[in-house]
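> Going by our numbering, 98 is the number at position 46 of the sequence shown; the sequence numbering is gapless.
This is the structure I want to talk about, given as structure tokens.
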Amino acid sequence: MSILWRDAMSRALYGPGGFFVAGTGPADHFRTSVHASPAFAAALLRLITEVDAALGHPSRLDVVDVGAGRGELLRALLASVRVAVGVSGEPARSGRSGLIPPRAGSPETLTPTAPVRSLRDEPSSGTVRPSLAARVRFTAVEYAHRPENLPEEITWTSEIPAEITGVLLATEWLDNVPLDVAVHTEDGWRYLLVDPESGVETIGEPISSDDLDWLTTWWPSPETTHSNHRRAEIGRSRDEAWAHAVGKISRGLAVAVDYGHLREARPADGTLTGYRGGRQVPPVPDGSSDVTAHVAMDSVASAGAAVARCAYSLVLQREALRALGADGGRPPLSLAGTDPAGYVRALAAASAVAELTDPAGLGGHLWLRQPVGIPLGPAVAR
Ligand SMILES: C[S@@+](CC[C@H](N)C(=O)[O-])C[C@H]1O[C@@H](n2cnc3c(N)ncnc32)[C@H](O)[C@@H]1O
Numbered sequence: 053m054s055i056l057w058r059d060a061m062s063r064a065l066y067g068p069g070g071f072f073v074a075g076t077g078p079a080d081h082f083r084t085s086v087h088a089s090p091a092f093a094a095a096l097l098r099l100i101t102e103v104d105a106a107l108g109h110p111s112r113l114d115v116v117d118v119g120a121g122r123g124e125l126l127r128a129l130l131a132s133v134r135v136a137v138g139v140s141g142e143p144a145r146s147g148r149s150g151l152i153p154p155r156a157g158s159p160e161t162l163t164p165t166a167p168v169r170s171l172r173d174e175p176s177s178g179t180v181r182p183s184l185a186a187r188v189r190f191t192a193v194e195y196a197h198r199p200e201n202l203p204e205e206i207t208w209t210s211e212i213p214a215e216i217t218g219v220l221l222a223t224e225w226l227d228n229v230p231l232d233v234a235v236h237t238e239d240g241w242r243y244l245l246v247d248p249e250s251g252v253e254t255i256g257e258p259i260s261s262d263d264l265d266w267l268t269t270w271w272p273s274p275e276t277t278h279s280n281h282r283r284a285e286i287g288r289s290r291d292e293a294w295a296h297a298v299g300k301i302s303r304g305l306a307v308a309v310d311y312g313h314l315r316e317a318r319p320a321d322g323t324l325t326g327y328r329g330g331r332q333v334p335p336v337p338d339g340s341s342d343v344t345a346h347v348a349m350d351s352v353a354s355a356g357a358a359v360a361r362c363a364y365s366l367v368l369q370r371e372a373l374r375a376l377g378a379d380g381g382r383p384p385l386s387l388a389g390t391d392p393a394g395y396v397r398a399l400a401a402a403s404a405v406a407e408l409t410d411p412a413g414l415g416g417h418l419w420l421r422q423p424v425g426i427p428l429g430p431a432v433a434r
């Protein structure tokens, strides 16, 4: 029986036996920035230290990863914090096979960790402040079960905790928040229904007034623009998910990283698609593949700002990473003569960042940074 796309996605991804909760995890099916390079976690750690400073080095600094996959990002952050304070622990890891492409498409990558500013907290005059490692609390928010070998320092939960003081991260989470799809007909927008087994679509009822309001504001219709938009992905559920997440922050910064689009350039026929085993496949919501759609990031940003009552920043990943010191610049050739091993290491580090900043791939992702009760300045870094 055909059902709304939002219901079909919910069941296929998160229902019993759903793609994300029952399978081996996203990393076996597509490549995100988290998997692509340790340079990504290193840049985020730099951002976290800046937020920590903006918050006045609180006694507990929360780092919450929403849609945490199998905990890859928090493992890397935990390892980096341990290394930075001289605690032995597992090394930072890139996560998995380099053969799997990102969902937004981009080339292969290499490795090492980009330099991170020292995490040893400077004691101020006469006082000794506990290190970041002693104050940070890592929480993974994920529908899937806790992985068996996850370090005990990482809390695992299916609900976003309340009263967060620190940083909430959401990398490629919002694109998997189920949404409805509409088609423009002679008598206006109607929902598209989908048969979960076959993926065959049929036209359903006229859309609700709330969804019509959303489309009117955020997704210009063919009538008003004379454009070719025949179908539209109604991002209201993503707006609500993001507003809910931002509402959990007492003070700090929320960061969403995802592939998306803005009002002036919505995709003409939508972006709904599937991924399985490293390959893009048709979006059939039968639980055997990922089902994803690009995120209307401006709409999401507006919803979060209404809750936070603070201005947000929305930039491309390549700009955000460069502002955090990950610029992908090649080392000078002269280094090869004086320090061949150092040159190779620097070249590898530059290549790792290059994948993250490639405008045709991961670098084209959008970074939404939403401060709550702190200035935007530190969040945006240099
Ligand atoms: C595309 S994966 C991203 C994984 C990881 N953040 C990364 O960047 O590699 C999306 C993940 O979000 C999880 N997820 C989606 N909505 C969620 C929610 N509301 N609460 C908890 N987990 C959710 C899914 O189970 C899935 O593991």
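Think of the CB as a built atom: it goes at the ideal place given N, C-alpha and C, for glycine as much as any other residue.
Do you know offhand how far A17's Cα is from R127's?
Since the first residue shown for the chain is 53 and the last is 434, residue 17 is missing from the structure and cannot be characterised.
> Which of the three DSSP states is assigned to A378 in this structure?
Start at 1 with the first residue of the sequence shown, and residue 378 comes out as number 326. Three-state result, A378: coil.
> Nearer than 7 Å: is that true of the beta carbon of S260 relative to any heavy atom of ligand 2?
The ligand content of the structure shown is limited to ligand 1, which means ligand 2 is not among them.
> Measuring CA to CA, which of Y195, R189, S210, E211 is closest to P203?
Within the sequence shown, residue 203 is the residue found at index 151, counting from 1. With distances taken between Cα atoms, P203 lies closest to R189.
> Are the beta-carbon atoms belonging to P248 and A60 less than 8 Å from one another?
For the purposes of this step, residue 248 is taken as residue 196 along the sequence shown, with counting starting at 1. For the purposes of this step, residue 60 is taken as residue 8 along the sequence shown, with counting starting at 1. Yes, these two residues count as a Cβ contact at 8 Å.
> Is the beta carbon of L129 less than 8 Å from the beta carbon of L107?
Numbered from 1 along the sequence shown, position 77 holds the residue referred to as residue 129. Numbered from 1 along the sequence shown, position 55 holds the residue referred to as residue 107. Result no, Cβ atoms of L129 and L107 do not sit closer than 8 Å.
> Would you say S62 touches ligand 1, meaning its beta carbon is less than 7 Å from a heavy atom?
By one-based count along the sequence shown, residue 62 stands at place 10. No.
> Between G330 and ligand 1, is there a pair consisting of the residue's CB and a ligand heavy atom that are separated by less than 7 Å?
Counting from 1 along the sequence shown, the entry for residue 330 is found at position 278. Checking the Cβ of G330 against ligand 1 gives no.
> How about Y195: is its Cβ closer than 7 Å to a heavy atom in ligand 1?
As a first step, residue 195 is located in the sequence shown; it is residue number 143 there, counting from the start. Yes; taking the cut-off as 7 Å, the Cβ of Y195 has a heavy atom of ligand 1 nearer than that.
> Tell me which same chain residues have a C-beta within less than 6 Å of the C-beta of D291, skipping the five on either side of it?
The sequence position of residue 291 within the sequence shown is 239, counting from 1. Answer for D291: S351, V352, A355, listed in chain order.
> Check this for me: beta carbons of G69 and G339, under 8 Å apart or not?
Sequence index remark: in the sequence shown, residue 69 carries index 17 (1-based). Sequence index remark: in the sequence shown, residue 339 carries index 287 (1-based). Yes, they are a contact pair.
> Got a sec, what are the start and stop residues for the beta strand (DSSP E) G256 sits in?
On the sequence shown, residue 256 is found 204 positions in, with the first residue counted as 1. Counting along the chain, the beta strand (DSSP E) containing G256 begins and ends at 253-258.
> Could you check whether V309 and T223 sit closer than 8 Å to each other, using their CB atoms as the reference points?
In the sequence shown, counting from the first residue as 1, residue 223 sits at position 171. In the sequence shown, counting from the first residue as 1, residue 309 sits at position 257. Yes, the Cβ-Cβ distance between T223 and V309 is below 8 Å.
> Taking 8 Å as the cut-off, decide whether the C-beta atoms of A306 and G322 are in contact.
Locating residue 306 in the sequence shown gives position 254, where the first residue counts as 1. Locating residue 322 in the sequence shown gives position 270, where the first residue counts as 1. Contact flag unset, no.
> Less than 8 Å between the C-beta atoms of I206 and K300, yes or no?
Mapped onto the sequence shown, residue 206 falls at position 154. Mapped onto the sequence shown, residue 300 falls at position 248. Contact: no.
> Let me check you understand the geometry: is the CB of S210 closer than 7 Å to at least one non-hydrogen atom of ligand 1?
For this step, residue 210 is matched to residue 158 along the sequence shown. Correct: S210 has its Cβ closer than 7 Å to ligand 1.
> With which residues is R331 paired in a DSSP beta bridge?
For this step, residue 331 is matched to residue 279 along the sequence shown. Answer is R328, bridged to R331.
> Using 8 Å for Cβ pairs, my map puts A400 next to A91. What's the rounded Cβ distance?
Here residue 400 refers to the residue found at position 348 of the sequence shown. Here residue 91 refers to the residue found at position 39 of the sequence shown. No, A400 and A91 are not in contact; Cβ-Cβ is about 10 Å, not under 8 Å.
> Counting pairs of Cβ atoms below 8 Å between the stretch 264-273 and the stretch 282-290, do you hit three or more?
A contact exists between the stretch 264-273 and the stretch 282-290.
> Tell me the rounded alpha-carbon separation between V219 and T237.
By one-based count along the sequence shown, residue 219 stands at place 167. By one-based count along the sequence shown, residue 237 stands at place 185. Answer to the nearest angstrom: the Cα atoms are 43 Å apart.
> Where in the stretch 387-423 do unbroken runs of the alpha helix (DSSP H), each at least 4 residues long, occur, reported from the N-terminal end onward?
For the stretch 387-423, whole alpha helix (DSSP H) runs of length 4 or above, ordered along the chain, are 392-409.
> Within its chain, find whatever has a CB closer than 8 Å to the CB of Y327; leave out the 5 residues flanking it on each side and keep chain order.
Residue mapping note: residue 327 aligns to position 275 of the sequence shown, counting from 1. Hits under 8 Å: H81, F82, R155, V333, S341, D342, T344.
> What are the uninterrupted segments assigned as alpha helix (DSSP H) that are 4 or more residues long and contained completely in the stretch 202-278, given in chain order?
The stretch 202-278 contains these whole alpha helix (DSSP H) runs: 261-270, 274-277.
> So R58 packs on D232, CB below 8 Å; how close in whole Å?
For the purposes of this step, residue 58 is taken as the residue at position 6 of the sequence shown. For the purposes of this step, residue 232 is taken as the residue at position 180 of the sequence shown. Their Cβ separation, rounded to whole angstroms, is 5 Å, which keeps R58 and D232 in contact under 8 Å.
> Start and end of the beta strand (DSSP E) containing I301?
Here residue 301 refers to the residue found at position 249 when the sequence shown is read from its first residue. Taken as a continuous stretch (DSSP letters only), the beta strand (DSSP E) holding I301 covers 301-310.
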